[in-house]
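Below is one structure, written out as structure tokens, with a few remarks after it.
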Amino acid sequence: MMLIRPIEKNDIDALHTMAKNAGVGFTSLPANMDLLQDKINAAEKAFNSADANDSNNSYLFVLEDTSTKAIAGVCGIESALGLDSPWYNYRLGTLVHASPSLEVYGQSKTLSLSNDHTGYSELCTLFLSQDYRHSKNGSLLSKSRFMFMANFPNRFHQRAIAEMRGVSDEKGNSPFWNGLGAHFFSMPFAQADYLSGLGNKSFIAELMPKLPIYIDLLSPSVQEVIGKVHDNTLPALKMLENEGFQNLGYVDIFDGGPTIEADVRHIRAINHSRVFKVKIGQPMSDKLDLVSNTECLSYRCGLAKADKLLSGELLIDADTAELLELKTGDPIRAVALSTK
């Protein structure tokens with residue numbers, strides 16, 4: 006069975022392997038052992054926090070194959086962006102140029118440096134190993150975070166964002182970076198992306214132009230990738246859009262990938278999830294539900310067939326109860342995996 010749980014110290018080697026496999030452009034998971042250890046330490050601190058109103062934490066979860074104990078994936082939530090170090094992206098805008106006397110009117114699309122998402126929560130660090138990209142594992146990995154957010158709403162901002170990986174080739178070359186960022190930073194995309202992942206973001210404010218950038222002045226190869234996602238990221242984008250996320254006109258400063266956002270209260274898996282009491286038996290349903298316990302430090306989430314009973318109980322089998330570390334009468338959160 007596949008299990009979502011908080012990351013632990015002994016997951017460091019598996020996390021490092023996934024970071025190396027993720028490749029260039031995966032800013033939140035750089036292949037640096039010291040930084041990854043810091044991320045695990047920060048996550049352990051977050052899960053151990055007893056303050057239900059603590060809204061400045063970094064949570065990391067892993068997907069574990071319980072039959073082999075292999076770590077198949079990782080995902081995270083930043084509870085509040087930009088409070089310790091600045092958060093940057095580009096905001097897409099429009100400037101109008103008009104001369105009534107000459108009967109000239111024109112619109113120009115622009116990119117402006119923005120800190121608009123400061124304080125928002127972020128869904129981040131989503132990576133699923135190639136061998137496990139099947140059997141709804143990607144949906145479990147991504148949507149398990151919504152169950153945790155539903156359990157602990159006071160730990161997160163009312164709005165959440167997700168940065169989608171932008172277009173790049175198999176060697177990690179980004180058309181957006183090559184056509185824009187490289188002119189100001191004088192370094193390869195991989196190096197700038199790596200520095201950002203290390204938390205060294207001061208160079209962005211120091212070197213990035215402060216005035217709006219006219220998109221019409223950029224080459225066609227750059228213009229066509231603005232707001233577009235990497236082919237491998239398209240399923241994740243569609244999944245989040247189905248949960249209620251929208252593109253409101255923000256893109257990443259490095260690769261031009263879209264930043265999508267949603268009101269947390271309106272995310273489907275959060276809004277539609279409910280807490281039941283556990284009843285152990287043999288469910289008749291043929292549809293998969295996301296199911297989780299309601300703990301923080303010992304959070305557990307998985308996929309299971311379940312029956313919602315009129316008594317307010319959720320009927321699950323014994324294996325699922327064991328997976329979630331639950332017994333009869335314990336609270337359990339559940340929601341349909343998808344609307345289809």
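Heads up: the sequence shown begins at 6 in the working numbering, then just goes up one per residue. Heads up, the beta-carbon is just placed ideally off N, CA and C, and yes, glycines get one too. Since this is a predicted model, take the numbers as computed values, not measurements.
Residue 110 has its alpha-carbon roughly 51 Å from the corresponding atom of residue 23.
Looking at the backbone, the Cα of residue 298 and that of residue 194 are separated by about 41 Å.
A residue is called buried once 16 or more other Cβ atoms fall within 10 Å of its Cβ, and residue 288 is buried on that count. Runs of the beta strand (DSSP E) spanning 3 or more residues and lying entirely within the region 221-295 occur at 251-256, 263-268 and 279-285, in chain order. Counting the other CB atoms within 10 Å of its CB gives residue 95 a total of 16 or more, which places it among the buried residues.
In this structure, residue 327 keeps its C-beta atom at 8 Å or more from the C-beta atom of residue 303. With respect to the 8 Å criterion, residue 125 and residue 258 are not classified as neighbours on the basis of their beta carbons. Residue 148 and residue 295 have their alpha carbons spaced roughly 8 Å apart. Bridge pairing for residue 163: absent [DSSP]. In the DSSP secondary-structure assignment, residue 61 is not bridged to any residue. For residue 201, the closest of 11, 15, 31 and 19 by C-alpha to C-alpha distance is 31. At a Cβ-Cβ threshold of 8 Å, residue 260 and residue 140 do not count as neighbours.
Distance between residue 15 and residue 308, taken at the CA atoms: about 25 Å. Distances from the CA of residue 310 to each of 325, 293, 324 and 317 were compared; the closest alpha carbon is that of 293. The region 236-247 makes no contact with the region 64-82, as fewer than three CB pairs between them are under 8 Å. Nearest C-alpha to residue 172 among 191, 146 and 236: 236.
Rounded to the nearest whole angstrom, the CA to CA distance from residue 256 to residue 123 is 15 Å. When DSSP states are grouped into helix, strand and coil, residue 69 belongs to the strand group. Leaving aside the five residues that flank residue 212 on each side, the residues in its chain whose CB is nearer than 7 Å to its CB run, in chain order, 189 and 190. Using a Cβ distance threshold of 8 Å, residue 67 and residue 17 do not count as a contacting pair. In this structure, the straight-line span from the alpha carbon of residue 166 to that of residue 62 is close to 15 Å.
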